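Right, here's the structure in full:
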């Protein structure tokens, strides 16, 4: 059981890095039009969309990815707590 949680934690960590890269790509013009940008859009947008509906933008700044990243990290910490609890 613990190895499943470890793999899930690793997947969340990889997804967190993909999310960070996707967010940073928004700072560069046409970066999301590249092949990597399109793949990251398909992976990250379904996760970010619910947060964009809940968290309104502050002027031109969209803080919903920050909230989404915090929720993802909380989930990862919860998984690590489950790993320590099962051992």
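Residue numbers (my numbering): 2 to 88. The C-beta atom is built at its ideal place from N, Cα and C for all residues, glycine as well. On a predicted model such as this, the values are computed, not experimentally measured, just so you know.
Between the CA atoms of residue 2 and residue 69 - distance to the nearest angstrom: Here residue 69 refers to the residue found at position 68 when the chain shown is read from its first residue. Here residue 2 refers to the residue found at position 1 when the chain shown is read from its first residue. Their backbone Cα atoms lie some 27 Å apart in a straight line.
C-beta contact flag for residue 81 and residue 65 at 7 Å: In the chain shown, the residue the question calls residue 81 occupies position 80. In the chain shown, the residue the question calls residue 65 occupies position 64. Their beta carbons are not under 7 Å apart, which means residue 81 does not touch residue 65 by this criterion.
Bridge partner(s) assigned by DSSP for residue 59: Indexing the chain shown from 1 puts residue 59 at position 58. According to DSSP, residue 59 bridges with 62.
Boundaries of the alpha helix (DSSP H) in which residue 11 is found, first to last residue: Within the chain shown, the letter at position 10 stands for residue 11. Start and end: 3-26.
Residue 83 beta carbon less than 7 Å from that of residue 6: Working through the chain shown from its first residue, we reach residue 6 at position 5. Working through the chain shown from its first residue, we reach residue 83 at position 82. Cβ distance < 7 Å, so residue 6 and residue 83 count as in contact.
Selected residue, minimal CA-CA separation from residue 48, among 28, 17 and 34: One-based indexing of the chain shown puts residue 48 at position 47. Looking at the Cα atoms, 17 is the closest of the given residues.
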